[in-house]
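Chains as they are written, first to last, in UniProt numbering: chain F, 1 to 316; chain Y, 1 to 451. Where is the CB? At the ideal position from N, CA and C, for every residue including glycine. Nothing here was measured: the structure is a model prediction, and the numbers come from that model.
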């Protein structure tokens, strides 16, 4: 693997291999010394054009546990906000000697352009691009589901036969896209639930089922219910009337939580809007995996950096 | 200093083989084995003689954006593509919304001498869609503007569009509408469909184009005005224009070469060379616009030549500028998309790329094509050639061609404009010589008018 740009182009075997390495990395977190020397001397740059403290510190923790040197480059307040191009930034990082660039960018496809334009030789990890993909989030979600299902015996398993319902702003969600491709590649059945305004045109050609009615979807007793963050600016663009109506129709409230199967799990990529798309009761219930997802995120990102940077890099 | 040019053995669009004698700016004689002395002899064996191509939609960028293109460099790109006339869009800086700006652009075109440069006037002041520009002043200026467009922006206000259609009619002109409902396309990056959903790029839905065309053909019918639709790109738009023409509405429509050949699939690598407005559409749309051009629903091909500096494209997709250069490749792309596929013959090409656009722009001299007594405006084209299109083929300042590293058919061998050569042996005649010929031709024409 040369870069990690999307889950769309991951094969089932590649995805399982990443998750299995992440299991090894999770074991490291249980040791007294939570650190491996594997990436000593390697430089990982966190290049964040959008604020995302959660994702950045997760990558930072992952790189540091592998003994890499970490440089955090926040584009806000830097030369980038004064008009420097992605190209100039990339060439600067190349000159500094970055071995991997973890990029968060508001423009869909920016990581792919960075990987293909010839500006920099480093491995590129997509940490979320526009409304396109967020592959490490999907990998950590798959890892979390697999661990809940198989516990310590997770290695080698896909997600065959697992039913996953993803609820919320599918249209603008890179998390939803990466999960649709990855979870279905791993054998899961995915159902999307959203008002029609928040579903992309052409979603009927995705390998998923689509429902408008959350209660109808919950009646099917999915193994996993994943709630997506809803952004308040969407209501100003007429995607839905207001937060109250959204919450009534598509929020996971306590009543809906009670109707979930006893073994169903509730996921959320964070940060949560408590009381909007998810009630406090649902977020804090034993069925919620929100904090496991955060912990697993470090393991999965360690696995990705390890696979991209350890040993001789092979040209794709 | 004017040239006498004798072209030996050219094949006209209808298949007739003929010599062409050019003298004093006009086609003096046609026929086999013309006996005449000439300053320049051109062997056109195996070459098609097409009437000079007329582009109704060119961005020459001057004044204001000379780092992208100038009237001179854009004129050179046009000549190497077989054009003898271009219509320069109004979205310059300052905007071409006064007589002063359009006269300046026209004068620059005359001085360059490679093609006839016909300025297009803005419909509204500053292209802002609030009040009408001085349409009468531009129409009556030395530039004699007949095409008015806010291209780049849609005249989206229905009342203002109605008034523009009516007012432009007063001066025998036409409104060329950039059909794009602005609210439906806020932040739009590519065609809206399954692919845009997967790529996470904001969609530009076909309905945003089709709804404006539907509204405007009805407005044109209501007020009895001519309407021209710029760069029509969807199957639904073809249907709407076909319906309007069946009702007798005075609407004309253009399609770009890139919408005849390329599809939205090219966006999947986020390579911003393929970012253009309106966006590349589905395969079904490409086939529909080809069929529309073949059956006459779409009247003309126009390039929407849109040069940009390198840095405007050397970046992520959303930051990149919309647009592609098209003058140098246009005839080859038309050949590849609709001639080699059997939809159009060369007579059709002469119509959609010369006679019809000249008629829409009220440009004289193109109504009879290559005929004795007509102004000598033609191009000699080798349709049997095949070449890898690369930056060495480009003559404007913009390198933002979507065809680089692809193989295209055909090659322009010579272009004759106003009785003198602008392209010979597949290369541009140098700028000084062209400017001298242009000055001499201007003096001759002034003499004709005064005498």
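* At a CB-CB cut-off below 7 Å, which residues of chain B make contact with residue 245/F? -> Protein chains in the displayed structure are F and Y, and chain B is not among them.
* **Unbroken beta strand (DSSP E) run spanning residue 104/F, endpoints** => Along the first chain, one-based indexing puts residue 104/F at 104. Unbroken beta strand (DSSP E) run through residue 104/F: 100 to 105.
* To do: Within its chain, find whatever has a CB closer than 6 Å to the CB of residue 269/F; leave out the 5 residues flanking it on each side and keep chain order.
  => Along the first chain, read from residue 1 onward, the residue named residue 269/F stands at position 269. Result list for residue 269/F: 137, 175, in chain order.
* Distance, Cα to Cα, residue 175/Y vs residue 168/Y? -> Within the second chain, numbered from 1, the residue matching residue 175/Y stands at position 175. Within the second chain, numbered from 1, the residue matching residue 168/Y stands at position 168. If I take the Cα positions, the gap works out to 7 Å.
* Would you list the residues sitting across from residue 49/Y in a DSSP beta bridge? => The residue given as residue 49/Y occupies position 49 in the second chain. Residue 49/Y pairs with 12/Y, 380/Y.
* Cβ shell of residue 55/Y (< 8 Å), same chain only, five flanking positions each side left out -> Here residue 55/Y corresponds to residue number 55 of the second chain, with the count starting at 1. Counting only Cβ-Cβ distances below 8 Å, and skipping sequence neighbours, we find 78, 83, 85, 86, 87, 302, 303, 305, 327, 330, 357.
* To do: Please go through the same chain and pick out, in chain order, the residues whose beta-carbon is closer than 6 Å to the beta-carbon of residue 206/Y, but skip the five residues on each side of it.
  => Taking the second chain and counting its residues from 1, one reaches residue 206/Y at position 206. Result list for residue 206/Y: 234, 236, in chain order.
* Give the straight-line distance between the Cα atoms of residue 401/Y and residue 264/Y, rounded to the nearest whole angstrom. => Here residue 401/Y refers to the residue found at position 401 when the second chain is read from its first residue. Here residue 264/Y refers to the residue found at position 264 when the second chain is read from its first residue. Roughly 16 Å between the two C-alpha positions.
* Just the C-alpha distance for residue 96/Y and residue 241/Y, rounded to the nearest angstrom, thanks. => One-based indexing of the second chain puts residue 96/Y at position 96. One-based indexing of the second chain puts residue 241/Y at position 241. Looking at the two C-alpha atoms, the distance is approximately 28 Å.
* How should residue 362/F be labelled, buried or exposed, when 16 other C-beta atoms within 10 angstroms of its C-beta is the threshold for buried? -> Residue 362/F lies beyond the residue range present for chain F, which begins at 1 and ends at 316; the question has no answer from this structure.
* **CA nearest to the CA of residue 170/Y, picked from 245/Y, 145/Y, 440/Y** => Counting from one through the second chain, the residue named residue 170/Y turns up at place 170. Checked all of 245/Y, 145/Y, 440/Y; the closest Cα to residue 170/Y is 145/Y.
* Roughly how many whole angstroms lie between the Cα atoms of residue 192/Y and residue 255/F? -> Here residue 192/Y corresponds to residue number 192 of the second chain, with the count starting at 1. Here residue 255/F corresponds to residue number 255 of the first chain, with the count starting at 1. If I take the Cα positions, the gap works out to 38 Å.
* Could you give the uninterrupted runs of the beta strand (DSSP E) lying entirely in the region 40 to 103 of chain Y, keeping only those of 3 residues or more? -> 40 to 43, 48 to 51, 53 to 58, 83 to 88
* **Per-residue burial, residue 315/F [other beta carbons within 10 Å of its own, 16 or more giving buried]** => Walking along the first chain from the start, residue 315/F turns up at place 315. Residue confidence for residue 315/F is low, a pLDDT of 39 falling below 50, so the modelled location carries little weight and cannot support an answer.
* Per the contact definition of three or more C-beta pairs closer than 8 Å, is the region 405 to 423 of chain Y in contact with the region 367 to 387 of chain Y? -> yes
* Check whether the Cβ atoms of residue 310/F and residue 25/F lie closer than 7 Å to each other. => By 1-based counting over the first chain, the position of residue 310/F is 310. By 1-based counting over the first chain, the position of residue 25/F is 25. Not a contact, by the Cβ cut-off of 7 Å.
* To do: Identify the continuous alpha helix (DSSP H) that holds residue 19/Y and give its terminal residues.
  => Taking the first residue of the second chain as position 1, residue 19/Y is located at position 19. Unbroken run through residue 19/Y is the beta strand (DSSP E), 17 to 23; no alpha helix (DSSP H).
* Beta-carbon neighbours of residue 201/F, restricted to chain Y and to distances below 9 Å -> On the first chain, residue 201/F is found 201 positions in, with the first residue counted as 1. Residues of chain Y passing the Cβ test: 192, 193, 194, 196, 197, 203, 205.
* According to DSSP, which residues form a beta bridge with residue 204/Y? -> Within the second chain, numbered from 1, the residue matching residue 204/Y stands at position 204. Its beta-bridge partners are 191/Y.
* **First and last residue of the uninterrupted beta strand (DSSP E) at residue 136/Y** => One-based indexing of the second chain puts residue 136/Y at position 136. From DSSP, residue 136/Y is part of no beta strand (DSSP E) but of the alpha helix (DSSP H) over 135 to 140.
* Asked: Mind checking residue 37/F: buried by the 16 CB within 10 Å criterion, or exposed?
  -> Walking along the first chain from the start, residue 37/F turns up at place 37. Counting Cβ neighbours within 10 Å, residue 37/F comes out exposed, since fewer than 16 surround it.
* Beta-carbon gap between residue 197/F and residue 239/F smaller than 7 Å -> Stepping through the first chain from its first residue, residue 197/F is reached at position 197. Stepping through the first chain from its first residue, residue 239/F is reached at position 239. Result yes, Cβ atoms of residue 197/F and residue 239/F sit closer than 7 Å.
* To do: Check whether the Cβ atoms of residue 187/F and residue 160/F sit closer than 7 Å, and answer yes or no.
  => Position 187 of the first chain, counting from 1, holds the residue named residue 187/F. Position 160 of the first chain, counting from 1, holds the residue named residue 160/F. The answer is yes: Cβ separation under 7 Å.
* To do: Look up residue 317/F in the DSSP assignment and say whether it is helix, strand or coil.
  => Because chain F in this structure spans residues 1 to 316, residue 317/F falls outside the shown range and cannot be described.
* Touching or not, the region 50 to 58 of chain F and the region 8 to 16 of chain Y, by the rule of three or more beta carbon pairs under 8 Å? -> no
* Roughly how many angstroms separate the alpha carbons of residue 313/F and residue 307/F, rounded to a whole number? -> Taking the first chain and counting its residues from 1, the one referred to as residue 313/F is at position 313. Taking the first chain and counting its residues from 1, the one referred to as residue 307/F is at position 307. Confidence at residue 313/F is low in this model, with a pLDDT of 47, below 50, so the placement of that residue is unreliable and no value is reported for it.
* Inter-residue CB distance, residue 250/Y and residue 208/Y (contact presumed, cutoff 8 Å) -> Here residue 250/Y is taken as the residue at index 250 of the second chain, counted from 1. Here residue 208/Y is taken as the residue at index 208 of the second chain, counted from 1. Actually they do not touch by this definition, with Cβ atoms about 24 Å apart.
* Could you work out which residue in 216/F, 211/F, 179/F, 193/F is closest to residue 198/Y when comparing CA atoms only? => On the second chain, position 198 is the one that residue 198/Y refers to. That would be 179/F, whose Cα lies nearest to the Cα of residue 198/Y.
* Asked: Hey, does residue 151/F have any beta-carbon neighbour from chain Y nearer than 7 Å?
  -> Indexing the first chain from 1 puts residue 151/F at position 151. Chain Y, which has no Cβ nearer than 7 Å to the Cβ of residue 151/F, makes this no.
* Using a Cβ cut-off of 7 Å, pull out every chain F residue sitting near residue 270/Y, in sequence order please. => Indexing the second chain from 1 puts residue 270/Y at position 270. Result: 109, 112, 113.
* To do: Using a threshold of 7 Å, state whether the C-beta atoms of residue 71/F and residue 102/F are closer than that.
  => Stepping through the first chain from its first residue, residue 71/F is reached at position 71. Stepping through the first chain from its first residue, residue 102/F is reached at position 102. Their beta carbons are not under 7 Å apart, which means residue 71/F does not touch residue 102/F by this criterion.
* Asked: Do residue 253/Y and residue 298/Y have their C-beta atoms closer together than 7 Å?
  -> Translated into positions along the second chain, residue 253/Y becomes position 253. Translated into positions along the second chain, residue 298/Y becomes position 298. Result yes, Cβ atoms of residue 253/Y and residue 298/Y sit closer than 7 Å.
* Asked: What three-state label does DSSP hand residue 85/F in the structure shown?
  -> To locate residue 85/F, count along the first chain from 1; it is residue 85. Here residue 85/F sits in coil by DSSP.
* Asked: Counting Cβ pairs closer than 8 Å, one from the region 59 to 75 of chain Y and one from the region 110 to 124 of chain Y, do we hit at least three?
  -> yes
* Tell me, please, which residues DSSP counts as bridged to residue 57/F. => Your numbering for residue 57/F matches position 57 in the first chain. Answer is none; residue 57/F lacks a bridge partner.
* Asked: How would you label residue 250/F, buried or exposed, when you count the other beta carbons within 10 angstroms and need 16 or more for buried?
  -> For the purposes of this step, residue 250/F is taken as the residue at position 250 of the first chain. Classification of residue 250/F: buried, given that the 10 Å Cβ count is 16 or more.
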